[in-house]
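Residue numbers (our numbering): 15 to 194.
(1) So, using beta-carbon positions, are residue 156 and residue 148 closer together than 7 Å?
(2) Just to confirm my understanding: we take residue 172, look at its own chain, exclude 5 residues before and 5 after, and list those with CB closer than 6 Å. What are they?
(3) Would you list, in sequence order, the uninterrupted beta strand (DSSP E) runs of no fewer than 3 residues that lie entirely inside the stretch 93 to 121?
(4) I'd like to check one pair, residue 48 with residue 20: are the Cβ atoms closer than 7 Å?
(5) I need the straight-line Cα distance from residue 126 to residue 110, nearest angstrom please.
(6) What does the Cβ neighbour count give for residue 134, buried or exposed, with the cut at 16 atoms within 10 Å?
(7) Compute the beta-carbon to beta-carbon distance between residue 55 and residue 96, rounded to the nearest angstrom, for a pair I have assumed lies under 8 Å.
(8) Measure the beta-carbon distance from residue 38 to residue 30 and round it to whole angstroms, keeping in mind my assumption that it falls under 8 Å.
(9) Please state whether DSSP places residue 21 in a helix, a strand or coil.
(10) Per DSSP, what kind of secondary structure is residue 209 in: helix, strand or coil?
(11) Helix, strand or coil: how does DSSP classify residue 154 here?
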């Protein structure tokens with residue numbers, strides 16, 4: 015048996031024409047499932063209508079308006095940032111497309127690789143010169159400088175770890191607000 019139109023008519027508040035009303039009445043006489051649905055809906059509707067409404071907690075409306083304003087401001091900023099990001103991506107895409115189409119992109123990559131190789135060669139040449147200077151220094155001095163440097167780095171890391179530990183384990187007083 016097709017219950018779909020009858021279920022719709024039972025749960026819908028729209029007025030039925032006389033033919034639909036007669037068909038629904040005839041169907042309700044024969045179908046226990048639809049009778050149960052109609053009774054359940056009528057009881058639920060009465061419960062909804064007869065339930066007393068409680069007033070909101072004091073200050074609820076003001077708090078809700080403030081949170082709504084914050085959400086609107088947040089979503090406005092989010093839309094602005096996404097618009098700016100989309101515009102920048104569009105500009106970047108068009109710029110890269112132009113460079114690829116004109117062949118300038120390949121020349122730019124060649125110049126970039128040339129520059130990077132020159133930098134690497136310069137650094138290695140300077141390090142070789144530095145090694146010549148260091149080899150002239152007596153052996154204990156570079157060893158002491160290395161140990162001092164490692165000790166300073168370890169002390170810095172220790173104090174950084176200690177500061178983080180102190181920050182995360184501290185307790186907040188009642189008038190302080192933890193900012194995430």
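Backbone N, C-alpha and C define an ideal beta-carbon position, used for all residues, glycine too.
In short, the structure shows the following:
(1) Your numbering for residue 156 matches position 142 in the chain shown. Your numbering for residue 148 matches position 134 in the chain shown. Cβ atoms of residue 156 and residue 148: closer than 7 Å.
(2) Counting from 1 along the chain shown, the entry for residue 172 is found at position 158. Taken in chain order, the list of residues that qualify is empty.
(3) none
(4) By one-based count along the chain shown, residue 20 stands at place 6. By one-based count along the chain shown, residue 48 stands at place 34. Result yes, Cβ atoms of residue 20 and residue 48 sit closer than 7 Å.
(5) One-based indexing of the chain shown puts residue 126 at position 112. One-based indexing of the chain shown puts residue 110 at position 96. The alpha-carbon atoms of residue 126 and residue 110 are separated by roughly 15 Å.
(6) If you number the chain shown from 1, residue 134 lands on position 120. Classification for residue 134: exposed.
(7) As a first step, residue 55 must be located in the chain shown, where it is residue number 41. As a first step, residue 96 must be located in the chain shown, where it is residue number 82. With 8 Å as the limit, residue 55 and residue 96 do not qualify as a contact, their Cβ atoms being about 45 Å apart.
(8) Walking along the chain shown from the start, residue 38 turns up at place 24. Walking along the chain shown from the start, residue 30 turns up at place 16. Correct: roughly 7 Å between the Cβ atoms.
(9) Reading the chain shown from its first residue, position 7 is the one you call residue 21. Reduced to three states, the DSSP call for residue 21 is helix.
(10) Residue 209 lies beyond the stretch modelled for the chain, which goes from 15 to 194, so this question has no answer here.
(11) The residue given as residue 154 occupies position 140 in the chain shown. Three-state DSSP puts residue 154 in a helix.
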